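The structure appears below as structure tokens.
Protein chains: 2
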Amino acid sequence: MQKSLDFQTIMMTLQRYWAEKGCLIWQPYYSQVGAGTMNPATFLRVLGPEPWNVAYVEPSIRPDDGRYGDNPYRFQQHYQFQVILKPDPGNPQELYLQSLQALGIDPAQHDIRFVEDNWESPALGAWGLGWEVWLDGQEITQFTYFQQAGGINLEPVSVEITYGLERIAMALQGNYHFKKIRWNENIKYGDIHYMGEKEHSTYYFETADIERLRKMYELFEKEAELALEKGLVLPAHDYILKCSHTFNILDTRGAVGVTERQALFGRMRELARRTAETYVAQREQMEFPWIDTPAISGASSPHAITVQTSSTSSLPDKADFLLEIGTEELPAADLQSALEQLQSTLPAMLDDVRLPYQSLQVLGTPRRLTVYVKDLASRQDDQTSQIKGPPADRAFDQDGNPTQAALGFARSKGISVDQLTKQEIDGGEYLVAQVHLEGKPVSEILPEKLRQLVADIRFNKSMRWNASGVAFSRPVRWLVSLFADTVIPFEYAGLTASNASRGLRFKDADHHPLDNANAYFDFLASHNIIADTGKRRDTIRTQVEKLLTSVNADTSVDTGLLDEVNNLVEAPTALMGTFDKKHLDLPTEVLVGVMKKHQRYFPVYSRDGDLMPYFITVRNGNDAHVDIVAHGNEEVIQARFADAAFFMREDSSKTLEEMLPKLDSLTFQPDLGSMRAKSERVLEITKEISIDLDLSLNEIKSAERAAFLSKADLVTNMVVEMTSLQGTIGKFYALRDGEPEQVAQAIEEHYLPRQAGGKSPASKPGLAVGIADRLDSLVGLFAVNMAPTGTKDPFGLRRAAIGLLQNLLQLSIDFDLQKGIQTAAKIQPVPVTENHQHAVFEFITGRLQNMLLEEGYRYDVVNAVLAAQGANPAAALRTVQALEQWVKKEGWNEILPAFSRCVRITRDLGQTFSVEPDTLLLQETKDLYAGVEKARVALEKDRSIDTFADQIMALTPTINTFFDNVLVMDKDENVKNNRLAVLQRVSALSDGLADLSHLEGF
Amino acid sequence: MQKSLDFQTIMMTLQRYWAEKGCLIWQPYYSQVGAGTMNPATFLRVLGPEPWNVAYVEPSIRPDDGRYGDNPYRFQQHYQFQVILKPDPGNPQELYLQSLQALGIDPAQHDIRFVEDNWESPALGAWGLGWEVWLDGQEITQFTYFQQAGGINLEPVSVEITYGLERIAMALQGNYHFKKIRWNENIKYGDIHYMGEKEHSTYYFETADIERLRKMYELFEKEAELALEKGLVLPAHDYILKCSHTFNILDTRGAVGVTERQALFGRMRELARRTAETYVAQREQMEFPWIDTPAISGASSPHAITVQTSSTSSLPDKADFLLEIGTEELPAADLQSALEQLQSTLPAMLDDVRLPYQSLQVLGTPRRLTVYVKDLASRQDDQTSQIKGPPADRAFDQDGNPTQAALGFARSKGISVDQLTKQEIDGGEYLVAQVHLEGKPVSEILPEKLRQLVADIRFNKSMRWNASGVAFSRPVRWLVSLFADTVIPFEYAGLTASNASRGLRFKDADHHPLDNANAYFDFLASHNIIADTGKRRDTIRTQVEKLLTSVNADTSVDTGLLDEVNNLVEAPTALMGTFDKKHLDLPTEVLVGVMKKHQRYFPVYSRDGDLMPYFITVRNGNDAHVDIVAHGNEEVIQARFADAAFFMREDSSKTLEEMLPKLDSLTFQPDLGSMRAKSERVLEITKEISIDLDLSLNEIKSAERAAFLSKADLVTNMVVEMTSLQGTIGKFYALRDGEPEQVAQAIEEHYLPRQAGGKSPASKPGLAVGIADRLDSLVGLFAVNMAPTGTKDPFGLRRAAIGLLQNLLQLSIDFDLQKGIQTAAKIQPVPVTENHQHAVFEFITGRLQNMLLEEGYRYDVVNAVLAAQGANPAAALRTVQALEQWVKKEGWNEILPAFSRCVRITRDLGQTFSVEPDTLLLQETKDLYAGVEKARVALEKDRSIDTFADQIMALTPTINTFFDNVLVMDKDENVKNNRLAVLQRVSALSDGLADLSHLEGF
């Protein structure tokens, strides 16, 4: 066996490989960059219309990935090999896979996968869609179709291939620790880089002086601006990169707060945008000198496939039809969605074109969307139709000769005037043409319809890739369209449909011609491809269950994960791997999170529900060399767990309480102070609202302690690394520190719900802290004028408001929002005006209104209730629900007008009159007064919409009698006012419940 | 013909070449660096004992080389390919030359030369000795043996090879503009880099914000210090590099003054030193893990040469002896010096070892130091000698038996006691041994003597290179030591002498065995090597003259340059090139400076003395492909002139006067202000001293204008680029601006002398401004405590003082230094104490003393005169010269004692008495008084040493008579005082001329 390549030879081999393809070989950038993307050879050159193919090594610096050289896979510096192909050569995945082969990776022995991974650089205003490439579960490459850079749409789109060289070397050499990678004959990677990892980690995590770095950032930013003012693209870009690196160090030091982060990203993005625009303008002025650079060698020609051309004149009456849309790996959700769409659009289309068929089947894998129509007619039925022409009286002149109108109509239908008949239509007489439509063959009908069918598939996120300009989830690379043995060609995305499909990667030549449509299934089977998603899911489930049984584990299978995995493979083979038992000491949330979220592994639980040191992954391919695949995956998960263990270990030196001082250096927002200051405010607010929320004394104690510690985990390494675990880690560490269970729970729960509709806190302390936290953010940020505007909500205030409301509503807890806002306002470090408080209140009730409307409540009901009870969301909901019932009742048509009359006559008076019962003159008035007093007493006992409505219903005849017989506006001022006073008391019955004037029919 | 390599293939080829040799392939550094040396893979890895072989590309940033993309050869970024070989593999030059062949450079077609170039990085505390490698006059590589880094001696020494990739690509591709270099098939170098050159040049020269960059510098420096405190080597190094780059930008913006530059360098150097020391300590603690890394493949084995071993027992009685010390290219001056040393040490050595010979000849080229001895005896003469032993009376005991003393003596001489004799020596009787010394053969005598002979050669600067630890001008790579056909082997520098010489590079295999000593000359001739320096010089002169004649030029040949060129080649062939006539518009000093200093070309003058558009260079080798060599050289000189023209053009937008405000941003010294402030002081001082220096009114006007403009040229691009042209460019631009000739001249001349012994100003305005400038520097810098200490003189104050003195002495101009110092002191922006002024004065007179002593004047004479006339150097010199004559005269032995008696009796009196002529008692006293009065009058007329000595001579008899007959110390106080008063008047005759008490014999 040939010795595997050493690290430097890997770099040189890739250089040579891509140079031979025609790429320009470039050098690493001379400022610290987080990725090769930031090198101007990528960031700038992907802009504008000129071709550009380049390849280079980029030592990439990510301070927060530093692990002091302890972690096998994570380091503050890693080597990328970056390739840009602009425009898309049509076969970038194949070119990439050939480069792996050039490195000595035999695809037959491994599981190579393209796993959805979209990429975004908030600092550079850049994003793209693509994948991580996995080699046996390990990410070895990032593969992206760039859509935007510097906020500019990229035309053409660039393909970016970013190899992770260490990962590749590890896999090649079988050394699963960076230290052991052979760099050359004599020297190992660790020999040269271990000390650097240790020292830079120390510098980034512990040493770097925050104040000085902030100053550097400012200076770099100003120089970037200065350079831009002078139109100097490259100097500006260099300083933006320096900003970015400095930001990364600050971030690693834990010195960047949430709002500060947003602000800094915004500033960098703006600079990047201006840089990009200046660059494009510069190239334009130079008249795009590279516009005619030839394509790279090895690029595919989309029209190279010979289309089989059986004569379409000899089509059978009916036959099976196959449409296959061959794609690069679709994201699981997109595959699902596309199949659902085809399931409905295809029958509709066939009906529309009058092509009958026996049955149809929609199939799909990540690389193909397939429609198989059984016994499709080869030709439409003939059809005769009647077409209305000009009125008969204008069709012939006095001499009975046809007029121009008649002649023109006949000509347009391709018949003679003789063939027109007269017919009465809608009471008038018209010329009518009988037109016989001969059914057309599928070869004529389908091409445009099929093109449309494909083009109409919609995705959540879609991308462009080539000059055709079409958008799809991922690039479409081939199209099969076969009616029996005849190709029904159509064009889409620069491709022409043919009879050539493709098999499983590596197993087959690129283009596999099919003799006819029904050869398709045998062809798939020969590659172990299961295109039927249901069948594939069952296969996987069976395989997984079998493996679970083999270790005597709980055999239930996570359906959500199963669905996802099902959409990641064409030819599934489940396999089991193990990991070191010691990792089971880590929090289960962490282990499961890593397995499911990062790796799409099925975790394995014992029948008692405990996690076991196994995982199950599903490879794409058969069971050959499954040991190599399992081994690779095991190394990956070990490293990931080691990473988590490293953080936990690092964090164990301090209790949560001891970590609090570090919150001082984490800015929440410049004017609102640090996260420490924020957590102190949260504590204050918690104290006040806990009583309103009716917490017990014990609960209050827990809530206060939880509030005190609520933000401490933000400075733990574990949360810095996996932000989504904030709260969860806080809970874990709190328990480790010996905090009471209830405190730990509240720390975790104060983040609930994690997203709209997510779980609400189960405990009142968790609820209280969560409300306090959100009120603080809302009030503080509104006060410093950072309220959301338009679609912009950088600080997640909408989510905060919705979360707060959801908890109150779900738990049906009364809470006075206005008081809460006042409480939060009192202790902000900045002045909070009445206007600000009002704006916060309006903002929250605005969200509440939306939530209620989305629940399907009537607009007028919601508005009526919120006008009176917006400050107490839970009560408002209860009232809305009740009122909604009332307005549906039959009697409501009586009740509302009666009450409305009382309100309308009094609402603009501008003053409130007292009733003088003794001077009430008429009996009707006296009766009304007695009635209203009775209602008032009832409502005092139970202030609800039901009581109100019951009472008004009872009072309605009295009201109606009153208005029928009494003239309210008596000439005697006293008499009039006394009557008005009674009516005002009626109106006041709805106070605090709803403002019924918002209701329809009021 | 195969297509020449494109740029990226050159990089990849070098990577492959050096990887195959065993070098680790490394990547460019991620902060801007001026050179690959700064990459930690060089700067740190060359420290300590561990082997390290590495190669990498380094895009190197030198802001002040920016030319907006206009210059064919100069750019703010160039690509280096850096190789470090540690330890020296023994044949690094050969490995390097093979790499050029790998790139397709056919050495037979080119002139490849190793031209002395020593390297120093003041920021990194690093230096080494080596060469520029020239390809047809173009520097393509820097080749250095590192001696120190971070102030630490390097053991082992590393070989650093730094390829200039653009230069190599230009030569290979025949594209003599960077824009035209083919980078790959489709893209040219200029396509990707032209805009970068333009933008970065603009940024560095015009845009960068000086204040912000200063702040960055401070922040970087503080972070470096912080990292060092924590023992973090790599982070510290990174920030030092950032300091360095920031410094370079500031420098390019013209914002760094002379003293500030020194200070910043000092700070960076100190940081680099600490970093280096920390790194070494770190490696030591790790126990130098790489210590056993194997040598690179292709390293030479110094003992691989088979030594010819004729039996030394059969040597002829006499024969020719050849010693050849084969070296890597010696610097011209070192070659010269080594040959001179051998010319005297070799005969002395042969005499010492009693080996007669007929004649000897010392020969040399840059690659060989040769000694050829004609008819050397093969064996020493025999010799008998007598050795004194112990006294006879202690040699035998009472019984006549020999004592231990006698036995021991005999034993030590290798004879028996019987063989000892007694002999009377210096009046005592001793035992004596007769020792017969048999003459030894050369094979026994010479090895150690030859080793010593080589080891004793001394050089101005020498270097170490391998484990032998010896130091030489450049590495010694082979030794030939042949007596007739017999090798006389000896060891030096890890080599063993053999019979294997080497011929001209590329013409011969590495090792050319010689059959016997006198085959040497035929061997050299076969390679066209002229080892006889005189013959070689004549050959070159004849060739040059012939070429000069061919264009009808002045045929005189610059002897200094001829001597230098003679020492640069072994096989000279002169050739002529041309350059574009338009460049003749540049100042002649610039053109000639570039040709002579940079390129060692002979400039060509017409018979009228005007420069002609030709140059003559002397290649090493024969005249094959001389057209290619000439063409290459022409391209080089064109580019250099284009560079100068670029600067002149840039500078032409402003007059000198208009440039003055820019001096504000050029710091002279922080406490002393900007260069603008300095030049204003120079103007003030000039005004005052011009009168003292006796300038005419016109001259004063010119001096003031010149002072006003004196420093303006420091901010011109031309001077920023070629500092040595300061003043010269000032003159040129002044004339261009229409300033008067005398002003222009003074601007240039105020820098004279440029070095000790150089030309002094020809004009008084030039003299005056120069004195003013130097006084300002001396006084100001002493006042801020920056006087030179020990060997440290960062601000060149010694040179300033010496220059000032030299001008006054050469022009013999009286000038009151003390007054001048006061004038300068008055206007300094800092307080200048009396002590400071005194220190400046002492410092200057200290230099004057040295100068006079070095001129060979007597120590006592110099001291005597300076004690009285130090403040006026020119007068002091005149007096010294006169006094030196007098002390040599015969009569001086009479004069001095007489005068001395008068002085000695009076010098400690502490008060001065008045003579009361009327109360003088004795005639002797009266005569003496009359004599002294006469002398006084004579001296008043001509206050010179001659007059003084004449007068004293005349007075001597009178003095002597006085002392013979008069008792000065009379008991009568008045009588005594009156006599002392007369003697005091005698003593006073030398006042202001000399303090004769310093003279010997006083």
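Order-wise, the sequence lines are chains H and X.
Numbering follows this note's numbering, in which position 552 of the first sequence is assigned residue number 587; successive positions increment by one, without gaps.
Numbering follows this note's numbering, in which position 426 of the second sequence is assigned residue number 461; successive positions increment by one, without gaps.
Don't be surprised by glycine CBs; every beta carbon is placed ideally from N, CA and C.
Predicted model only: the values in this text are computed from it and were never measured.
- Message: Less than 7 Å between C-beta atoms, sequence neighbours within five positions excluded: which residues of the same chain meet that for X/GLN111?
- Response: ILE96, ARG97, PRO98, ASP100, GLY101, GLU232, HIS235, SER236, TYR239.
- Message: With a threshold of 7 Å between beta-carbons, can X/THR287 be considered close to chain H, or not?
- Response: In terms of beta-carbon proximity, X/THR287 stays away from the interface with chain H, with every pair separated by 7 Å or more.
- Task: Please classify H/TYR180: does DSSP put it in a helix, a strand, or coil?
- Result: H/TYR180 falls in the strand class under three-state DSSP.
- Message: Using only the alpha-carbon positions, how far apart do H/ARG635 and H/LEU596 sit?
- Response: Going by the C-alpha atoms only, they are around 7 Å apart.
- Item | Short CB-CB distance (under 7 Å) between H/PRO270 and chain X | Yes - at least one Cβ of chain X is within 7 Å of the one on H/PRO270.
- Message: Using beta carbons (cut-off 7 Å, strictly below), is X/LEU813 in contact with chain H?
- Response: Chain H contact via Cβ: absent.
- Message: Taking 7 Å as the limit between beta carbons, can you name the residues of its chain near X/GLN777, skipping five residues before and five after?
- Response: Scanning its chain for C-beta atoms nearer than 7 Å, with the 5 sequence neighbours on each side dropped, one finds around X/GLN777 the residues SER737, SER798, PRO800, in chain order.
- Query: Are X/ILE175 and X/ARG217 touching if we call contact CB-CB under 7 Å?
  - Reply: Remark: C-beta atoms of X/ILE175 and X/ARG217 do not approach each other more closely than 7 Å.
- Message: Would X/ALA161 and X/ALA184 qualify as a contact pair, given that the criterion is a beta-carbon distance under 7 Å?
- Response: Taking 7 Å as the cut-off, the beta carbon of X/ALA161 is found closer than this to the beta carbon of X/ALA184.
- Query: Secondary structure at X/PHE614, three-state DSSP: helix, strand or coil?
  - Reply: Here DSSP, grouped into helix, strand and coil, assigns X/PHE614 to coil.
- Message: So with CB distances below 7 Å, who are the chain X contacts of H/TYR238?
- Response: Within chain X, the residues ALA262, LEU267, PRO270 have their CB atoms less than 7 Å from the CB of H/TYR238, given in chain order.
- Rounded straight-line distance, which links the Cα of H/GLU685 to that of H/TYR108: Here the alpha carbons of H/GLU685 and H/TYR108 stand approximately 17 Å from one another.
- For the putative contact between H/VAL814 and H/ASP706, defined by C-beta atoms under 8 Å, what is the C-beta separation to the nearest angstrom? Not confirmed; about 13 Å, so no contact.
- Item | Cβ contact check for the region 44 to 56 of chain X and the region 989 to 999 of chain H: 3 or more pairs under 8 Å | No: the two stretches stay apart, fewer than three of their Cβ pairs being nearer than 8 Å.
- Query: Does DSSP put X/PHE507 in a helix, a strand or coil?
  - Reply: Correct three-state label for X/PHE507: strand.
- Message: At the 7 Å Cβ level, is H/ILE203 part of the contact set with chain X, yes or no?
- Response: For H/ILE203, the nearest beta carbon of chain X is not closer than 7 Å to its own beta carbon.
- Counted within 10 angstroms of its Cβ, other Cβ atoms place X/ALA659 as buried (16 or more) or exposed: By the 10 Å Cβ count, X/ALA659 comes out exposed.
- is_contact[H/GLU234, chain X] using C-beta, thresh 7 Å: Using a CB distance cut-off of 7 Å, H/GLU234 counts as an interface residue toward chain X.
- Could you tell me which of X/ILE480, X/ASP171, X/LEU832, X/ASP977 sits nearest to X/ARG809, measuring between CA atoms? Nearest C-alpha to X/ARG809: X/LEU832.
- Residue of H/ASP727, H/GLU473, H/ALA606, H/ARG302 minimising C-alpha distance to H/SER279: That would be H/ARG302, whose Cα lies nearest to the Cα of H/SER279.
- Query: Taking 7 Å as the CB-CB cut-off, is X/PRO84 touching chain H?
  - Reply: Proximity of X/PRO84 to chain H, defined by a Cβ-Cβ separation below 7 Å, is not satisfied.
- Message: My assumption, with CB atoms under 8 Å, is that H/ALA532 sits in contact with H/LEU514. Please give the rounded CB distance.
- Response: With a Cβ gap of about 4 Å, H/ALA532 and H/LEU514 count as contacting.
- To the nearest angstrom, how far is it from the Cα of H/LEU956 to the Cα of H/VAL1010? C-alpha separation (whole angstroms): 8 Å.
- Message: Does X/VAL653 come out as helix, strand or coil in the three-state DSSP assignment?
- Response: Under the three-state reduction of DSSP, X/VAL653 is assigned to strand.
- Nearest chain H C-beta to X/ILE60 closer than 7 Å, yes or no? Contact with chain H is found for X/ILE60, since one of that chain's Cβ atoms lies less than 7 Å from the residue's Cβ.
- Query: Which value, in whole angstroms, describes the spacing of the CA atoms of H/SER394 and H/SER372?
  - Reply: CA-CA distance, H/SER394 to H/SER372, rounds to 21 Å.
- Item | Residues near X/THR590 in its chain [Cβ-Cβ closer than 8 Å; skip 5 each side] | Excluding positions up to five away in sequence, the list reads GLU580, LEU583, THR584.
- Query: Is there at least one Cβ from chain H nearer than 7 Å to X/ASP244's Cβ?
  - Reply: Yes, because at least one Cβ of chain H sits closer than 7 Å to the Cβ of X/ASP244.
- Below 8 Å on the Cβ atoms is my guess for X/HIS547 versus X/PHE558; work out the distance and round it to an integer in Å. Correct: roughly 7 Å between the Cβ atoms.
- Message: Please confirm whether X/MET757 has its beta-carbon closer than 7 Å to some beta-carbon of chain H.
- Response: False, the Cβ-Cβ gap to chain H never drops below 7 Å.
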